[in-house]
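Engineer: First the structure, which I've put down as structure tokens, then a few questions once you've had a look.
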Amino acid sequence: EAQVTQNPRYLITVTGKKLTVTCSQNMNHEYMSWYRQDPGLGLRQIYYSMNVEVTDKGDVPEGYKVSRKEKRNFPLILESPSPNQTSLYFCASSPYQNQPQHFGDGTRLSIL
Amino acid sequence: SQQGEEDPQALSIQEGENATMNCSYKTSINNLQWYRQNSGRGLVHLILIRSNEREKHSGRLRVTLDTSKKSSSLLITASRAADTASYFCATVPTLDDKIIFGKGTRLHILP
Chain A
1 EAQVTQNPRY LITVTGKKLT VTCSQNMNHE YMSWYRQDPG LGLRQIYYSM
51 NVEVTDKGDV PEGYKVSRKE KRNFPLILES PSPNQTSLYF CASSPYQNQP
101 QHFGDGTRLS IL
Chain B
1 SQQGEEDPQA LSIQEGENAT MNCSYKTSIN NLQWYRQNSG RGLVHLILIR
51 SNEREKHSGR LRVTLDTSKK SSSLLITASR AADTASYFCA TVPTLDDKII
101 FGKGTRLHIL P
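Here the protein sequences line up with chains A and B, keeping their order.
Heads up: the first sequence begins at 1 in this note's numbering, then just goes up one per residue.
Heads up: the second sequence begins at 1 in this note's numbering, then just goes up one per residue.
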């Protein structure tokens, strides 16, 4: 089954404790992306990747890092999480940037 | 910077009525996509309209695109309770690799 898998689905942690949210897709897609969704602000793109070893900043990249060492995986790293990063995060992938995206089920992060 | 803005923010209609949502954007686009989200779940793609298309249909969905006004509309005909969800437009800019989502329209279908 074609899917985008995010882990964990839920996480409560404390300020400053490094965390990684994993994202994996099984569709051989080139384009992958991370978004955060906050009430009243819609989805905002954090980082995206056009292909392996090619990543670039979206609209809200501050406080986040990503890597794309393999085509299927695109982890989101919060080196020193802060409360303003409490949000619902989505990973998505598509064959190419201009094509419809497949979304994961989301990761709800709470940073205390 | 977000360039897709949906209107209205929220919409409640009776089952069976038609629902119309609008999206405005700021720069030239390659295509515009509409997505649906059920209550905090992942978004699901509904329909894509290219910049050289003016109208597209998919089942009960009708999408229009007016590039001169930089706007699009999504019409859901004969609404059903199961259509209750949030709807987002996403624009793929011509000169950028980003994808820009709007803030969404919350649609509530009343039984």
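Backbone N, C-alpha and C define an ideal beta-carbon position, used for all residues, glycine too.
Give me the residue from V63(B), V92(B), T105(B) and K56(B) with the minimum Cα distance to Y25(B).
Structural biologist: Comparing Cα-Cα distances from Y25(B) to each of V63(B), V92(B), T105(B) and K56(B), the minimum goes to V92(B).
Engineer: Going along the region 43–54 of chain B in order, which residues come within less than 8 Å of chain A, judged by CB to CB distance?
Structural biologist: Answer in chain order: L43, V44, H45 and L48.
Engineer: For G42(A), which beta-bridge partners are listed by DSSP?
Structural biologist: According to DSSP, which records beta bridges pairwise, G42(A) is partnered with D38(A).
Engineer: Which complete beta strand (DSSP E) runs does the region 17–83 of chain A hold, if anything under 3 residues is left out?
Structural biologist: Counting whole runs of 3 or more residues, the region 17–83 of chain A contains the beta strand (DSSP E) stretches 19–25, 31–38, 42–51, 54–57 and 76–78.
Engineer: Around the C-beta of S1(B), are 16 or more other C-beta atoms found within 10 angstroms, so that it is buried, or is it exposed?
Structural biologist: In this prediction, S1(B) scores a pLDDT of 41, lower than 50, which makes its location untrustworthy; the coordinate-derived value is nonetheless stated afterwards. Per the 10 Å Cβ criterion, exposed.
Engineer: Please tell me whether S33(A) and Q45(A) are closer than 8 Å, where the distance is taken between their beta carbons.
Structural biologist: A contact, by the Cβ cut-off of 8 Å.
Engineer: So the candidates are D96(B), R41(B), C23(B) and S39(B); which of them puts its Cα closest to the Cα of Q33(B)?
Structural biologist: For Q33(B), the nearest C-alpha among the options comes from C23(B).
Engineer: Cβ atoms of G106(A) and R36(B): under 8 Å apart, would you say?
Structural biologist: Cβ distance not < 8 Å, so R36(B) and G106(A) don't count as in contact.
Engineer: Provide the residue span of the beta strand (DSSP E) that contains Q6(A), from first to last.
Structural biologist: First-last of the beta strand (DSSP E) with Q6(A): V4 to N7.
Engineer: Decide if the region 93–112 of chain A is in contact with the region 15–30 of chain A; the criterion is three or more beta carbon pairs, one per stretch, under 8 Å apart.
Structural biologist: Yes, since at least three Cβ pairs between the region 93–112 of chain A and the region 15–30 of chain A fall closer than 8 Å, the two stretches touch.
Engineer: Does DSSP put A82(B) in a helix, a strand or coil?
Structural biologist: Three-state result, A82(B): helix.
Engineer: Thinking C-beta only, is R36(A) closer than 8 Å to Y89(A)?
Structural biologist: In contact: Y89(A) and R36(A) (Cβ atoms closer than 8 Å).
Engineer: Throw me the rounded Cβ distance for the L65(B) and S58(B) pair, which I believe falls under 8 Å.
Structural biologist: Actually they do not touch by this definition, with Cβ atoms about 14 Å apart.
Engineer: Does the Cβ-Cβ distance between C23(A) and L78(A) come in under 8 Å?
Structural biologist: It is not a contact, given that the beta carbons lie outside the stated cut-off.
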